[in-house]
Each structure stands twice: as structure tokens, then as C-alpha cells.
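J.:
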Amino acid sequence: MRGTQLPLNQTQKVRLQRALQQLESLSSKINSNASVTVADSIPVNYEDGVLKGHGTSELNGEIIATVCGIVERVNKLVYVRALRARYKPEVGDIIVGRVVEVAPKRWRIEINYSQDAVLMLSSMNLPDGIQRRRTAIDELNMRSIFEESDVICAEVRGFQHDGLHLQARSQKYGKLKRGQLLTVPPYLVKRRKQHFHYLEQYGIDVILGCNGFIWVGEHVEATDDMVEEQVSKSEQQTMNSDGILTDMEEQEQVSTPLEIRRYVCRAANAVRVLSTLGFIVTIEVIVEIVNLSSSMNLDIHEMLGSEFCVLVTEKEVERRTLTKKKG
Amino acid sequence: MEFVSPEGLRLDGRRPTEMRQIRAELGAVAKADGSAVFEMGNTKVVAAVYGPREVQNRSQQLSDQALVRCEYSMANFSTGDRMRKPKGDRRSTEISLVIRQTMEACIMTHLMPRSQIDIFVQVLQADGGTRSACINAATLALADAGIPMHDLVTSCSAGYLNSTPLLDLNYVEDSARGPDVTVGILPKLDKVTLLQRISCRLCMTDTTGEYKGIRISTRWINYNEG
Amino acid sequence: MEQRLANTWRFTVNERKFIETALLSDLRVDGRRPFDYRNLTVNFGKEDGSAEVQMGHTHVMGFVTAQLVQPYRDRPNEGSLSIFTEFSPMGDPSFEPGRPGESAVELGRVVDRGLRESRAVDTESLCVLPGRWVWAIRIDLHILDNGGNLLDAANIAALAALMTFRRPECSLGGEDGQEVIVHPPEEKEPLPLILHHLPIAVTFAFFANENSVAIDPTHHEEAVMGGRMTTTLNANGDICAIQKAGGEGVLQSVIMQCLRIASVKAGDITEKIKKAVDSFNTHTALKKIKRHPSSIPMDVDGADSKLREKQKSLVDKKATIPCPSENVVRETKSLDQ
Numbered sequence: 001m002r003g004t005q006l007p008l009n010q011t012q013k014v015r016l017q018r019a020l021q022q023l024e025s026l027s028s029k030i031n032s033n034a035s036v037t038v039a040d041s042i043p044v045n046y047e048d049g050v051l052k053g054h055g056t057s058e059l060n061g062e063i064i065a066t067v068c069g070i071v072e073r074v075n076k077l078v079y080v081r082a083l084r085a086r087y088k089p090e091v092g093d094i095i096v097g098r099v100v101e102v103a104p105k106r107w108r109i110e111i112n113y114s115q116d117a118v119l120m121l122s123s124m125n126l127p128d129g130i131q132r133r134r135t136a137i138d139e140l141n142m143r144s145i146f147e148e149s150d151v152i153c154a155e156v157r158g159f160q161h162d163g164l165h166l167q168a169r170s171q172k173y174g175k176l177k178r179g180q181l182l183t184v185p186p187y188l189v190k191r192r193k194q195h196f197h198y199l200e201q202y203g204i205d206v207i208l209g210c211n212g213f214i215w216v217g218e219h220v221e222a223t224d225d226m227v228e229e230q231v232s233k234s235e236q237q238t239m240n241s242d243g244i245l246t247d248m249e250e251q252e253q254v255s256t257p258l259e260i261r262r263y264v265c266r267a268a269n270a271v272r273v274l275s276t277l278g279f280i281v282t283i284e285v286i287v288e289i290v291n292l293s294s295s296m297n298l299d300i301h302e303m304l305g306s307e308f309c310v311l312v313t314e315k316e317v318e319r320r321t322l323t324k325k326k327g
Numbered sequence: 001m002e003f004v005s006p007e008g009l010r011l012d013g014r015r016p017t018e019m020r021q022i023r024a025e026l027g028a029v030a031k032a033d034g035s036a037v038f039e040m041g042n043t044k045v046v047a048a049v050y051g052p053r054e055v056q057n058r059s060q061q062l063s064d065q066a067l068v069r070c071e072y073s074m075a076n077f078s079t080g081d082r083m084r085k086p087k088g089d090r091r092s093t094e095i096s097l098v099i100r101q102t103m104e105a106c107i108m109t110h111l112m113p114r115s116q117i118d119i120f121v122q123v124l125q126a127d128g129g130t131r132s133a134c135i136n137a138a139t140l141a142l143a144d145a146g147i148p149m150h151d152l153v154t155s156c157s158a159g160y161l162n163s164t165p166l167l168d169l170n171y172v173e174d175s176a177r178g179p180d181v182t183v184g185i186l187p188k189l190d191k192v193t194l195l196q197r198i199s200c201r202l203c204m205t206d207t208t209g210e211y212k213g214i215r216i217s218t219r220w221i222n223y224n225e226g
Numbered sequence: 001m002e003q004r005l006a007n008t009w010r011f012t013v014n015e016r017k018f019i020e021t022a023l024l025s026d027l028r029v030d031g032r033r034p035f036d037y038r039n040l041t042v043n044f045g046k047e048d049g050s051a052e053v054q055m056g057h058t059h060v061m062g063f064v065t066a067q068l069v070q071p072y073r074d075r076p077n078e079g080s081l082s083i084f085t086e087f088s089p090m091g092d093p094s095f096e097p098g099r100p101g102e103s104a105v106e107l108g109r110v111v112d113r114g115l116r117e118s119r120a121v122d123t124e125s126l127c128v129l130p131g132r133w134v135w136a137i138r139i140d141l142h143i144l145d146n147g148g149n150l151l152d153a154a155n156i157a158a159l160a161a162l163m164t165f166r167r168p169e170c171s172l173g174g175e176d177g178q179e180v181i182v183h184p185p186e187e188k189e190p191l192p193l194i195l196h197h198l199p200i201a202v203t204f205a206f207f208a209n210e211n212s213v214a215i216d217p218t219h220h221e222e223a224v225m226g227g228r229m230t231t232t233l234n235a236n237g238d239i240c241a242i243q244k245a246g247g248e249g250v251l252q253s254v255i256m257q258c259l260r261i262a263s264v265k266a267g268d269i270t271e272k273i274k275k276a277v278d279s280f281n282t283h284t285a286l287k288k289i290k291r292h293p294s295s296i297p298m299d300v301d302g303a304d305s306k307l308r309e310k311q312k313s314l315v316d317k318k319a320t321i322p323c324p325s326e327n328v329v330r331e332t333k334s335l336d337q
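Chains as they are written, first to last, in full-length UniProt numbering: chain A, 1 to 327; chain B, 1 to 226; chain C, 1 to 337.
Structure (C-alpha cells):
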């Protein structure tokens, strides 16, 4: 947790400190001695034979760390997990990103990595849903699929010679609308089996991108492309480029109801609170925080206040003690 | 003017081989990947590191290593009189070059090809030894950003006045126009990476005296940073 | 940093390996040993204060000009010295026209530090009217060909130009003695600058292999080297400046050894420069004597003493051409009235 800029009064500070201390004591004892800074040598049993992983290098026969972080050991592999670093992509990760450039036959996506990722036109489903070879006309119509500063969801396909490639062939990937994009440090999002979450009681979608970009938005049914295309065609006649509708009826259909927007904001604030406190972001925690805030009848903006943050910390302590007792 | 009193105390009460107080703080710039504020006595410097990120100027992209860029500037209010040109003048360009080459030597650039690492250093308060403070702050900011490095770079300055080698000069001692040297070393590898000396003719034996003082001080900085 | 990658000349892996392995056995590609300098030639131009230095393929020209300006407020009794570098694109494909890049600025500042901070040029003698008028010396360095080690060559060019520069003599006149009259060279002989010592820059290149050090790197060696250190010292053994701006880290012992070697080299180069300047001075003196016909009746006190000095120097050096010395003798006789 970075030095929080929250204005805490004295009691809140004390409570926060106590809660943080309890969390520290709950955390695994093994790791407390394993933090290293750059150029520290890592204690290793050399007879066992050692594999040097990320964040290590060799100097005069001893292994030294190249980043500040925690030493992790898995069988013979020794590596240093950096505390704060940019996202490190792996094949199959679900990520959320923003389009920065439309280039010949590809889009460049910003994903909080050391380079922009590339989404090839051929890795994207065409609007009419047919599987066919991309022609020159498709290339010219790339902007109708994604434009600059669109938010999209995709999966990491792999590393090619010119960078990181993504693919968005399935229904659940593609352009994200009607919601908020949040950035949290990448190490707060752990890789799980499920990254797409649909919270039915609120009617919102939460997508936890492994690169630290989190999308919270109104739930969108993953419909068949053909049907969507027809619906959007009929709507286009009544919409101008700004999306302002002339037809009042259609307006009600298209815009998001207020209740759902409120839940979207609550969930987004929950993620913001977790990010400030530095706790790992999982869907269960988000749901808990949203429930907590609605049960206390807090206004949405009060969720970002100092009192709520302290409450969340204390809740986290409770939760972890419970899990530790179970586990 | 007497810089070292007969009892062996300097103008601010320090001994000749004593450094000023050091304070360092990480995470000052929220938006940056890594940042640090470094204080050496009254000299205060903030460094911010962005990267590795996409290269902005495609023509400068290096296919096998990361591009390191550095910009040094002094705030208008950092010195006593308001500065007319905080950056873009020749001194700032030279110091930017020096800092960039020093950090480039210790960053493992080959692990991040086709990307760019930006280091921005700004002097908030200048009281002598700004170059060293900048390098120390940049090292901390790079470590904070999780960028892999061979070793930390620590730096300190020293001078020679009234026939005594003095460590960590402040502004008054610096403006006495005596010889002064700034040294940056890699503590683990025990190698010198930065050595800049301005003097008005000094023979070699005195250099070694200053140099020894700097080695002691850089070890001290290293322990403090860790 | 502003250079475009497309314009740089690329280095092959084989060339790099060759240079590095050769250095391990103390050999360099052009046949020198690690601590040998390339051949140095210093030529001078027609005007006072212009010098041309050639070191191997590196070609640098230096020009010195002077102008009367107002002094700095905090130094009313001293003149000023400023250095401008011009990295002409004809010297290297990676130089871009326009604003000086980082390396140009660095070169200018290192040469500047060597000359100004070490008080090589006596700035107090440049003062004409304290607080009102002083001479501002401007040194322009033009890089014509980049064959490696521009710093040393530029430094030598600057020194050679400074040594042969003559500034016009000026005197105070006018009603209240506050007006400055600048005498053209025909009226009064211009004066040389007072140089206390000659700071010589010696550049070392460090390579990735341990303890591989070479002096005076060529362009190819510069592309291979890991780090560079430039020491500026004079023949008396004083260190004027050291610049090691990052790059490969080296042990302290290596640095001290480099300093010792540098002081020896500085002595050699100082000798060479002095020889070149002296021969140029005699050459111009001879030409001047041929220029002045014996019948100019000018009351030139300064020139008088100058001629006497030149006569002495000519006699000392045993001028080979007998006729001009006869002219000199006749002229001094005519002036001695």
C-alpha cells in the first residue's frame, strides 16, 4: 500500500494501523525474510543445482537479485517476484485494453505492458459473422469495428516477432460499452479460472483483466452477431454520429437504467478502495464491499472516504482470519 | 574565506569526512511507474520513471534493447534567484546525458527490447551536490518501478578546500571555485561508473584523498537505501 | 538522442569481435598499441586564431574571435571565454543540422571546463575598462570529419587557435578617458593572449573485457567500447578535469593507472603543439617582415618593441634567408631616431 492520501483522523489512523498489523501477522511467516533489493545475493543451496528464474542473475558464482521483491522457490527454480512492475503477459490471459492506433490490417492496443499489443484483423470476428478471408474492403472498414480509444477485451495469443499478439475470436471478447474502465496495479489481479463475472442481482458485468485494467459495466448479452447487425442497422437510421436519438422510444431502450448505473458506480468504487489499500481484487471481495456499502446505506461517493476504507480493512482482517481457520 | 576552522569543523558544523543527512522516500509521483524523492541536507530532488512502455518515436526504436531517455531540469525556485531557463540550456543537456549514460550502464536493457524507459529528474532545492542527488534519486525510482538492474548506482561529491579533502559540498563550499569531483559507483561490483572533476589544477595525490572519502560515503548511502 | 537510427552506420558482429579479441592481445586494428596516439598534425590558416587539427581520420577546425562586450555583473574585471561547437553533417551521417545534439553539448562543455575552470586563459588581462568593456573570446569548433575521439582533437584545435590568436590592441582615449579606441592591425601590432598553461585532453576507451583500455579510440573502436573517460591535464602534472559520464564501470586502480599514463601523453602532445605553433609564428614573422617596406614612418611603439623581439628571435633561430634580416637591420636603424 502506498502512503495513502486519505485524510484520516486520529482514531481512524489507529484502527487502520491495528488492522494492518493483524493482516501482517496473518500472512505467511515464511516469506517475511525473503525480501531482497537490487544486487542482494540470494541464499541458495548450491549442491542441489539451481535454476535461475526471472529477476536473478549470476555474478562470480553467486546469484544476485536484479529487482526489489520477494524470493520465491519452486523445487529447483529460484526467482524474484517484483513488488511493483508492469504487467507480464502469459499466453491465454484475458486482458482489457484501449485502442491507440488503427494500422494496416491491425489495431494497436495499450495494455500496460512495455509495448503496445497488436490485434490482427484476422484474429477478430467480422461484423457479419462469416468466416472468410479478409479483403481490402475489410481493411478499409476496420474503423467500423474498432476506433481509437475504444475499450476492448481480448485474450493473449502469443509473442510474435513484432510484439504481443491478441485474439478476440469468441463472443465474449470485443468492444466494451456502457461501463467504466479502472486501472489498478497489475499484481493485484491474480490469474483465476474465471475472469468474466456476471453479477445477476445487480445486472452488471465485471471483467478482471490480468493486466490490471478492470471493466465494470452494464450486462450485455452475448448475442449472435447476425441478429445484432440487423438491430444496429435499423437503429442507425435514427441515430446520428453522436448517438443522440431522435426517436424517444428507442432512447429508453438504448440508455442504461439509473439503478444499474448506480451499481456500476458502487462496484467501481469498491475496486478503487481495494486498489488504494493494496488488497487483491477478486469478485467475492468486490461483492462483499458492495453489499457492505448498501447495507450501511452509504452514498456512492462516501465509499471513497476514509471511514469506509478503514471499515474495509477491518472486514478484510475478519475474512482472512476466517479463511485461515478453514484452511 | 575559511572553510575549515582550526578545530576541523566546516561552515555548517560538519567534520571534513562527514556527509549531510540523507532522506529518501519512494512513491512520490502517483502516476509514474516508479518515483523517489531524495534529500541530501538541503538539496532535494524528485525523480520519476515511466516504463518500460511503447517507444513514442518509432524511428528510434531499438530491436534488441530498451531505449533509455533522461531529462534533467531545475525548478525555477530551486536556487536563490529565479532561474531564467530551467531546461534546454547546455548545463542541463550535459547533466541529462551524464545521468542517462550512468543509468543505461546498470539497467538490463536487453530484457526489454523495443521499449522505452523515461527518467525525469527535477531539482526542487539546490544546495550543492545536485548531480549526485539526481543519480541517487534515479536509482531509487528505477528500483521502485521494478526495472531489472545489474546493481544500484550511488553517487557523492567531494572537494578540496583549505588543504583538506571535504566530503559532500554544499552550495557555499561549491561556489568557492575549488576543485570538486562527483563519483558514482556500483557498490556490489565495486566499479566506478561516473567520474566528473572540475578543478583549478590539482595534483594527483589529492585526488586519491577525495576519492577515498567518496567510497566511504557511497557505502553509507547504499546501506541507507537498502 | 535526436539522431535518427536510419542515418547511423551499422557495425557488424564480426568487426566487433575482431576488435575485442585483438585488444586482448594488446593489438589494435590500425596497428597501434593500446596506449599510442595517432599521428597529429596541426596546421594554421591565413588569419590569426585559426587552426586545423588532423588526428588520423579526425579533422577538426578551431577559430578564435574576440569582441568587446560588457562584463558580467559579478566579475567586472574579467573577460569571458565561450566555446561553440558545430557538428557539421558532412563529418558523420549521424550528425543532424540545427541545434547541437547531446554529444556536441558535452564536447563543448568538457573543452570549456578544461580551459575556463582551470584558468588556462588569463581573463583578467582581457579587461579594458573595468565594469564597462572587456574582451569576450569566442572559440568556434567545427567538426569536419569524425574519425573517432573528437574531444582530444577539438581540444588541441582550440589550444592551437588560442595560441596563434592576436587580439587588437586598444587604448583609452576620449575626453574623460572612458572611450575605448581599437587600433587596427596596421596601426598597432595585435597582442597574443596570455595562456598560463595548456590543458590537454586525453581520452580512454573501456571495453567490455576486463582491463581492456585503449587510448585515442577510432570511430570503429568507439562503436564497440563500453565506456569512455576523458582526462584533461597539463604538462606540469595538474589535473584540470575528468569526465567519465556513465558507461562501463571500472575499478579504481584502472582509473589511477589511466591518470598516470595521461600525464605522460599530455607532455608529449604539449611538445608537439608548441613546436607547431612556434614554426607557424616564425613563418608569419618572416612574412610580415617581407610585407613591411622599410619606409613607413609610423610611430608605433608597440610594433617597435615587437620588431625588436622578432629580430632577436630571428637571430636566435638563425634565419636561413639572409636578405630579410638585412631589411630588418636597416628598418630598426631608420626607426631609431
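The beta carbon of each residue, even a glycine, is placed where N, CA and C say it ideally should be. Just so we're clear, the structure is a prediction, and the values are computed from it rather than from any experiment.
Please determine, among B:Thr109, B:Arg131, B:Phe3, the residue with the shortest C-alpha to C-alpha distance to residue 255 of chain B.
T.: Outside the displayed span of chain B (1 to 226) sits residue 255 of chain B, for which this structure offers no information.
J.: What is the residue span of the beta strand (DSSP E) that C:Ile242 lies within?
T.: For this step, residue 242 of chain C is matched to residue 242 along the third sequence. Residues 239 to 250.
J.: Within the continuous alpha helix (DSSP H) that includes A:Thr276, where are the two ends?
T.: Translated into the one-based positions of the first sequence, residue 276 of chain A becomes position 276. First-last of the alpha helix (DSSP H) with A:Thr276: 258 to 277.
J.: Tell me whether the beta-carbon of B:Asp168 lies closer than 9 Å to the beta-carbon of B:Met74.
T.: Here residue 168 of chain B refers to the residue found at position 168 when the second sequence is read from its first residue. Here residue 74 of chain B refers to the residue found at position 74 when the second sequence is read from its first residue. No, these two residues do not count as a Cβ contact at 9 Å.
J.: Counting only beta-carbon atoms, is C:Ala201 nearer than 9 Å to chain B?
T.: Residue numbering aside, residue 201 of chain C sits at position 201 when the third sequence is read from its first letter. Cβ-Cβ to chain B under 9 Å: no for C:Ala201.
J.: Can you tell which of C:Ile139, C:Val105, C:Asn77 has the C-alpha that lies nearest to the C-alpha of C:Gly131?
T.: Taking the first residue of the third sequence as 1, we reach residue 131 of chain C at position 131. Answer by Cα proximity: C:Asn77.
J.: On a CA-only basis, which of B:Lys191, B:Val183, B:Leu161, B:Leu189 is nearest B:Leu11? Give me that one, please.
T.: Taking the second sequence and counting its residues from 1, one reaches residue 11 of chain B at position 11. Comparing Cα positions, the closest option is B:Leu161.
J.: According to DSSP, is A:His165 part of a helix, a strand, or is it coil?
T.: Locating residue 165 of chain A in the first sequence gives position 165, counting from the first residue. Correct three-state label for A:His165: strand.
J.: What first and last residue would you give for the alpha helix (DSSP H) that runs through C:Gly13?
T.: By one-based count along the third sequence, residue 13 of chain C stands at place 13. Note on residue identity: the sequence assigns Val, not Gly, to residue 13 of chain C. Where C:Val13 is concerned, the enclosing alpha helix (DSSP H) stretches over 13 to 24.
J.: Please list, in chain order, the residues of the region 46 to 69 of chain A that have any C-beta partner in chain B closer than 8 Å.
T.: Cβ contacts with chain B: Gly55, Ser57, Leu59, Ile64, Thr66, Val67, Cys68, Gly69.
J.: What residues are listed by DSSP as bridge partners for C:Asn43?
T.: Stepping through the third sequence from its first residue, residue 43 of chain C is reached at position 43. C:Glu52.
J.: With 16 other CB atoms within 10 Å as the buried threshold, where does A:Leu77 fall?
T.: Working through the first sequence from its first residue, we reach residue 77 of chain A at position 77. Burial call: exposed.
J.: Under 9 Å between the Cβ atoms of B:Ser157 and B:Gly128?
T.: The count along the second sequence starts at 1 and reaches residue 157 of chain B at position 157. The count along the second sequence starts at 1 and reaches residue 128 of chain B at position 128. Cβ atoms of B:Ser157 and B:Gly128: closer than 9 Å.
J.: Can you give, in chain order, each stretch of the beta strand (DSSP E) that sits fully within the region 23 to 100 of chain A and has at least 3 residues?
T.: Those beta strand (DSSP E) runs which fall completely within the region 23 to 100 of chain A and span 3+ residues are 56 to 59, 62 to 65, 69 to 74, 77 to 82.
J.: Alpha carbon to alpha carbon, how far is A:Thr135 from A:Val100? Give it in angstroms, no decimals.
T.: Translated into positions along the first sequence, residue 100 of chain A becomes position 100. Translated into positions along the first sequence, residue 135 of chain A becomes position 135. Near 23 Å, if we compare the C-alpha coordinates of A:Thr135 and A:Val100.
J.: Which residue from B:Ser35, B:Val46, B:Ile95 puts its Cα closest to that of B:Leu194?
T.: Position 194 of the second sequence, counted from the first residue, corresponds to residue 194 of chain B. Selected option, being the one with the closest Cα: B:Ile95.
J.: Indicate the three-state DSSP secondary structure (helix, strand or coil) for B:Asp12 in the structure shown.
T.: Residue 12 of chain B sits at position 12 when you count from the first residue of the second sequence. Coil.
J.: Applying a beta-carbon distance threshold of less than 7 Å, which residues of chain A neighbour B:Ser115?
T.: The count along the second sequence starts at 1 and reaches residue 115 of chain B at position 115. By Cβ distance, chain A contributes Ser114, Gln115.
J.: By DSSP's criteria, B:Glu25 is part of a beta bridge. Which residues make up the other side?
T.: Here residue 25 of chain B is taken as the residue at index 25 of the second sequence, counted from 1. DSSP output for B:Glu25 lists B:Val37 as bridge partner(s).
J.: Do the CB positions of B:Gly51 and A:Arg86 come within less than 9 Å of each other?
T.: Counting from one through the second sequence, the residue named residue 51 of chain B turns up at place 51. Counting from one through the first sequence, the residue named residue 86 of chain A turns up at place 86. It is a contact, given that the beta carbons lie within the stated cut-off.
J.: Under three-state DSSP, which class holds A:Cys210?
T.: Residue 210 of chain A sits at position 210 when you count from the first residue of the first sequence. Coil at A:Cys210, not helix or strand.
J.: Go ahead and label C:Ile239 buried or exposed: buried means 16 or more other beta carbons lie within 10 angstroms of its beta carbon, across all protein chains shown.
T.: Position 239 of the third sequence, counted from the start, is the residue given in the question as residue 239 of chain C. The residue in question, C:Ile239, is buried, as its Cβ has 16 or more Cβ neighbours within 10 Å.
J.: Between B:Glu104 and chain A, is there a C-beta pair that is closer than 9 Å?
T.: For the purposes of this step, residue 104 of chain B is taken as residue 104 along the second sequence, with counting starting at 1. It does not; no Cβ of chain A falls within 9 Å.
J.: Could you pull out every residue in the same chain whose Cβ sits closer than 7 Å to the Cβ of B:Asp144, ignoring the five residues on either side in sequence?
T.: Walking along the second sequence from the start, residue 144 of chain B turns up at place 144. For B:Asp144, where only same-chain residues beyond five positions count, the Cβ hits under 7 Å are Leu26, Gly27, Gly34, Ser35, Ala36.
J.: Mind checking the region 248 to 266 of chain C against chain B and listing, in chain order, the residues whose C-beta falls within less than 9 Å of any C-beta there?
T.: Going along the region 248 to 266 of chain C in chain order, one finds Glu248, Gly249, Val250, Leu251, Gln252, Val254, Ile255, Met256, Leu259, Arg260, Ser263 with a Cβ nearer than 9 Å to chain B.
J.: By the 10 Å Cβ neighbour count, where 16 or more other Cβ atoms means buried, how is B:Lys85 classified, buried or exposed?
T.: Counting from one through the second sequence, the residue named residue 85 of chain B turns up at place 85. Exposed, by the Cβ-count rule.
J.: A:Pro89 and A:Ile111 - do their beta-carbons sit closer together than 9 Å?
T.: The residue given as residue 111 of chain A occupies position 111 in the first sequence. The residue given as residue 89 of chain A occupies position 89 in the first sequence. Cβ atoms of A:Ile111 and A:Pro89: closer than 9 Å.
J.: Among residues of its own chain, excluding the 5 on either side of A:Lys271, which ones have a beta-carbon nearer than 8 Å to its beta-carbon?
T.: Within the first sequence, numbered from 1, the residue matching residue 271 of chain A stands at position 271. Per the sequence shown, the amino acid found at residue 271 of chain A is Val instead of Lys. Excluding sequence neighbours, A:Val271 sits near Leu182, Val184, Ile214, Val216, Val281, Ile286.
J.: Along chain C, in chain order, which residues have C-beta atoms closer than 7 Å to that of B:Lys191?
T.: By one-based count along the second sequence, residue 191 of chain B stands at place 191. Per Cβ cutoff of 7 Å: Gly249, Val250, Leu251.
J.: Starting from the Cα of A:His54, find the closest Cα among A:Val317, A:Val67, A:Asp40 and give me that residue.
T.: For the purposes of this step, residue 54 of chain A is taken as the residue at position 54 of the first sequence. Among A:Val317, A:Val67, A:Asp40, the Cα nearest to that of A:His54 belongs to A:Val67.
J.: In angstroms, rounded to a whole number, what distance separates the CA positions of A:Tyr113 and B:Arg53?
T.: For the purposes of this step, residue 113 of chain A is taken as residue 113 along the first sequence, with counting starting at 1. For the purposes of this step, residue 53 of chain B is taken as residue 53 along the second sequence, with counting starting at 1. Going from the Cα of A:Tyr113 to the Cα of B:Arg53 covers about 6 Å.
J.: Which value, in whole angstroms, describes the spacing of the CA atoms of A:Ile145 and A:Ser122?
T.: For this step, residue 145 of chain A is matched to residue 145 along the first sequence. For this step, residue 122 of chain A is matched to residue 122 along the first sequence. Spanning the two alpha carbons is a distance of roughly 13 Å.
J.: List, in order along the chain, the chain A residues whose C-beta lies closer than 7 Å to that of B:Arg53?
T.: One-based indexing of the second sequence puts residue 53 of chain B at position 53. By Cβ distance, chain A contributes Ser114.
J.: With burial defined as no fewer than 16 other Cβ atoms inside 10 Å of the residue's Cβ, what is the status of A:Gln115: buried or exposed?
T.: Counting from 1 along the first sequence, the entry for residue 115 of chain A is found at position 115. A:Gln115 is buried by the Cβ-count criterion.
J.: Helix, strand or coil for C:Lys265? Go by DSSP, reduced to three states.
T.: As a first step, residue 265 of chain C must be located in the third sequence, where it is residue number 265. The answer is helix: DSSP assigns C:Lys265 an H, G or I state.
J.: Suppose the cutoff is 7 Å on Cβ atoms and the five residues either side in sequence are ignored; what does the same chain contact list for C:Arg116 look like?
T.: Here residue 116 of chain C refers to the residue found at position 116 when the third sequence is read from its first residue. Taken in chain order, the residues that qualify are Leu81.
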